[in-house]
Amino acid sequence: MAEASARHILVEDEAQCIELKERIENGDDFAEIARAHSTCPSGRQGGDLGTFGPGQMVPAFDEVVFSAPLNEVQGPVKTQFGYHLLEVTGRG
């Protein structure tokens, strides 16, 4: 079965999500941004979600995680939880 590892940042507002993505693209550290801004408990671990298989996350999240290039920040991705920035760190 395919598995992926990823990290994410969850915020309530799309504009904030876009701003944070720009900061990361301009050199700010993903993990530091996650610790400072993510509303998900994973933020304390720099947004690290560990390893998971298809169907373990919401569909919009799965779609990105199992198709996006590795180590590139994707988003904003809207789910019922808010707006996510996602970075796939591994797939196997």
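Its first residue numbered 1, the sequence shown is counted upward by one per residue in UniProt numbering.
Yeah, the Cβ is synthetic: ideal placement off N, Cα and C, and Gly gets one too.
- DSSP places Gln-74 in the strand class (E or B) of the three-state scheme.
- Rounded to whole angstroms, the separation of the alpha carbons of Val-88 and Thr-51 is 10 Å.
- Between His-8 and Leu-49, the CB-CB gap stays under 8 Å.
- By the neighbour-count definition (other C-beta atoms within 10 Å, threshold 16), Ala-34 is a buried residue.
- Scanning Glu-3, Gly-46, Ser-42, Phe-81 for the CA closest to the CA of Ala-60 turns up Phe-81.
- In the three-state reduction of the DSSP assignment, Val-58 falls in the coil class, being assigned neither a helical nor a strand state.
- As the crow flies, the alpha-carbon of Ile-24 is around 25 Å from that of Gly-92.
- Beta-bridge partners assigned by DSSP to Arg-7: Asp-48, Glu-87.
- If you ignore the 5 residues before and after Pro-76, its C-beta comes within less than 8 Å of the C-beta of Glu-14, Cys-17, Ile-18, Lys-21, Tyr-83, His-84, Leu-85, all in its own chain and listed in chain order.
- In this structure Val-65 is in contact with Ala-6, their Cβ atoms being roughly 5 Å apart against a cut-off of 8 Å.
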